[in-house]
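K.L.:
Heads up: the sequence shown begins at 0 in numbering that gives the first Met the number 0, then just goes up one per residue.
What follows is a structure written as structure tokens; I'll ask about it next.
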Amino acid sequence: METAHITCPLCEATCGLTVTFDNDTVTDVRGDADDVFSHGYICPKGASLGALHHDPDRLRTPLVKRVGRFTEVSWDEAFAEIDARLPALLSEYGRDAVAVYAGNPSVHNVSSALYSRVLFKAIGTRNVYTASTVDQMPKHFSCGYLFGDPFSIPVPDLDRTQHLLILGANPLVSNGSLMTAADVRGRLRAIQRRGGKIVVVDPCRTRTARLADEHHRIRPGTDAALLFALVHVLFAENLVRLGSLEGHVNGLERLRELAEPFTPEVVAPLSGIDAGAIRGMARKLARADRAAVYGRIGTTAQAFGTLTSWLVDVLNVLTGNLDTEGGAMFPLAAAGQVNSSGGRSKPFTAGRWRSRVRGYPEVFGELPIAALAEEITTPGDGQIRALLTVAGNPCLSGPNAAKLSAALAELDFMVSVDVYVNETTRHADVILPGPSPLMRPHYDVALYQLAVRNIANWTSPALPSDQPQEWQTLLRLTGIVTGQGPDADIEALDELLAADTARRAGLDPAVAGERKGPERLLDLMLRAGPYELTLADLEAAPHGVDLGPLRPRLPDILCTASKKIELAAEPIVSDVGRLVAELHKQPDGRLVLIGRRQLHSNNSWMHNLQPLVRGSNRCTAQLHPDDARRLGLTEGGAATFATRTGKVSATVELTEDVRPGVVSIPHGWGHDVEGLRTAVATAHAGVNSNLLSDDQLLDVLSGTAALNGIPVDVTPG
């Protein structure tokens, strides 16, 4: 028996695991008690890592579609097929004719994180799409204009805060999101043990809401109005305290004017939270010693996602809790921190180009996934003819999923880098698998930039792999799209990338010695980072390196043109009028659809693991008993939910945990289409809630799909 200490790559928590092997068989997975961040915590997802490694449906060999059926081929055959078809499309139709999509798992893979951007740049397309526009783009947009950099995202200093206001998030189940925090439950309970308070705003009584000291059941999609009401109270009652931010803020008076229409009395009927509770929420936040406001996917994946994301941080500023201990702070990662030495050379701006059909603006180098289907199906110059996906499943995660799935069938060519034949990759002409997480190195380049404590942890491959690493696959694809053919010298390409990384860091690439691939790039990035670390330092610390608590970083990281926090940047406040127009609208009586998090699930990509789908059906439609009586629905019966884009039938689960007027269906299910090779997921198919979401219903500033707050028609059966 042998053991390896690794960082779990399955969600944002980055927990340390101890994995035991008998030869190449995983016999046990436990939490690493000595991990500097997670201290032995493990969730069901991490415990299932052995099941993922041994999953018989996980692809080990490339697949090429011939006469409509996938055939196993050699790696050389697969790349020859790509070389025979993809460059011709680029040559005939131009670079924008090839689109790329990167899914959530690519962020949890150091190869994809460091090498996908090289491939995307080599393709040279403006048609770049990622899971961000079904998840977090509003936060990048708002932080970009507030602080000048879209990745300057403050996170709650959980370990020192005394008052935490959570909106639209269920971190006890998600393990945190845009907030890397191992053992969230333990950290939240510690707030209460030291006399602090947790306040949750959510339409449902989630696990996090049950733990909280206060829970306010908001009407979905009205978070921005509620937050504006809190801002209104702070100004009206003279509770604004900038503290150390005094002199570093622009737009305070403009913000006061914008908040005037949002009195608690006006917002109460819209939000479903009474005026007295709104005032109390604002006063407690303002008067708390060390407070933080945190919002997540319930606040971003909605029609006012950017305004809501902006107002979360506006409240942190107005209460003097931004960049202070126990407030919302900016992590300082050991590697890859884009703003560690003074920030971007130019302030953030969106809309540098627009989508061809509906004119949606680019944000952070991406177009909204809601625009992908029409860009494929609409003829004309710039029509997308080919698609490359990297670890993504937008046919389950994207809005109007049926429309997107139909569009993919019209492509001339599609390549997927993925370990499953899933709802999206079934449309591919070539699938290139990667190795098991236990067979590849790991370092959370992006997630450590969002961690509630500064840490660094490197994982070497625990087992050897007879498959290429993803970075090698991505460089080989880079060789094809740059005209070097399927047998391009990937070592030479890797040398060029390392030289460029070293140049930007002001280093000689030779300092990394004989390393190559992600190891070399990460070593260079660590050397250029703020802690004088090397990869050798991390290799000598298998349980991670603790770099200390978060510490103040303003004003050094501000990258706005003014070098101040821009509380009322025009690109954001231009949308306030749309929100004002909502204030006096009355609900039309239809149920409103929201998603829900599940501890045993992470979007769509863990449903083929038997340990995570045991027990009763988790893909139910939860709604309040009062709504069920009104609509003629019964516990365990079926109900049909319909919108403009489609309909689904789901099993009814009655619970008073759900606010009246709301129906909750979990995100990422619907494994009941033809052509899948995921036997366990198919046996536990569930329903695809994104057949109901609408590619026309978006946050207008960021283009992010509104996956919450969707009115639905409901009938029995």
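Here a beta-carbon is modelled for each residue, glycine too, at the ideal position from N, C-alpha and C.
1) Identify every run of the alpha helix (DSSP H) within the region 161–248, keeping only runs that are complete inside it and at least 4 residues long; order them along the chain.
2) I need the straight-line Cα distance from residue 325 to residue 156, nearest angstrom please.
3) Kindly list the residues whose CB is nearer than 7 Å to the CB of residue 24, restricted to its own chain and excluding five residues on each side of it in sequence; keep chain order.
4) Judging by CA-CA distance, which residue of 206, 591, 224, 237 is the nearest neighbour of residue 267?
5) Among residues of its own chain, excluding the 5 on either side of residue 341, which ones have a beta-carbon nearer than 7 Å to its beta-carbon?
6) Going by DSSP, which residues form a beta bridge with residue 438?
7) If you check the beta carbons only, do residue 370 and residue 357 fall under 8 Å apart?
8) Out of 307, 131, 524, 464, which one is the CA nearest neighbour of residue 165?
9) Answer with buried or exposed for residue 22, where buried requires no fewer than 16 other C-beta atoms within 10 angstroms of its C-beta.
10) In the structure shown, what three-state DSSP assignment does residue 275 receive?
11) May I ask which residues mark the beginning and end of the alpha helix (DSSP H) holding residue 115?
12) Can you tell me whether residue 609 is helix, strand or coil according to DSSP?
13) Secondary structure at residue 406, three-state DSSP: helix, strand or coil?
14) Whole angstroms is fine: what's the gap from residue 339's alpha carbon to residue 542's?
15) Count Cβ pairs between the region 107–120 and the region 436–443 that sit closer than 8 Å; are there 3 or more?
16) So what's residue 646 in DSSP terms, helix, strand or just coil?
17) Report the three-state DSSP secondary structure of residue 463 (helix, strand or coil).
18) When the Cβ atoms of the region 594–607 are set against those of the region 675–684, are three or more pairs found closer than 8 Å?
19) Where does the unbroken beta strand (DSSP E) through residue 413 begin, and where does it stop?
20) Measure the C-alpha to C-alpha separation of residue 212 and residue 530 and round it to an integer number of angstroms.
21) Mapping DSSP to helix, strand and coil, what is residue 136?
22) Looking only at C-alpha atoms, which of 187, 180, 393 sits nearest to residue 160?
23) What's the C-alpha gap between residue 190 and residue 162?
24) Ends of the alpha helix (DSSP H) at residue 310?
25) In chain order, which alpha helix (DSSP H) runs of at least 4 residues are fully inside the region 51–116?
26) For residue 566 and residue 316, which I take to be in contact (beta-carbon distance under 8 Å), what is that distance rounded to the nearest angstrom?
27) Assuming residue 305 and residue 141 are in contact, meaning their beta carbons sit under 8 Å apart, how far apart are those beta carbons, in whole angstroms?
28) Our contact map puts residue 780 next to residue 639 with C-beta atoms below 8 Å; I'd like the distance itself, whole angstroms only.
29) Tell me, to the nearest whole angstrom, how far the beta carbon of residue 463 is from that of residue 438; I am working on the premise that it is less than 8 Å.
30) Which same chain residues, not among the five before or five after residue 274, have their C-beta less than 6 Å away from its C-beta?
31) Let me know if residue 695 comes out buried or exposed under the rule of 16 or more other beta-carbons within 10 Å of its beta-carbon.
32) Specify the secondary structure class of residue 5 as computed by DSSP and reduced to three states.
33) At what residue ranges does the region 540–600 contain a whole run of the beta strand (DSSP E), taking only runs of 3 or more?
34) Output the distance between the C-alpha atoms of residue 645 and residue 691, rounded to the nearest integer angstrom.
35) If you reduce the DSSP assignment to three classes, tell me which class residue 602 lands in.
36) State the start and end residues of the unbroken alpha helix (DSSP H) segment that holds residue 471.
P.N.:
Reading from the atomic positions:
1) 170–173, 183–192, 206–210, 222–235
2) 5 Å
3) none
4) 224
5) Residue placement at residue 341 cannot be trusted, given a pLDDT of 45 that sits under 50; what the coordinates show is reported in the next sentence. For residue 341, where only same-chain residues beyond five positions count, the Cβ hits under 7 Å are 555.
6) In the DSSP output, where bridge partners are listed per residue, residue 438 has none listed.
7) yes
8) 307
9) exposed
10) helix
11) 109–122
12) helix
13) helix
14) Annotation note: pLDDT 49 at residue 339 (below 50); position unreliable, coordinate value reported separately. Approximately 25 Å between the Cα atoms of the pair.
15) yes
16) strand
17) coil
18) yes
19) 412–416
20) 38 Å
21) helix
22) 187
23) 8 Å
24) 304–317
25) 74–92
26) 7 Å
27) 5 Å
28) Here the chain covers residues 0 to 716 and nothing more, so residue 780 does not appear.
29) 7 Å
30) 263, 264, 267
31) exposed
32) strand
33) 544–548, 590–593
34) 5 Å
35) coil
36) 469–480
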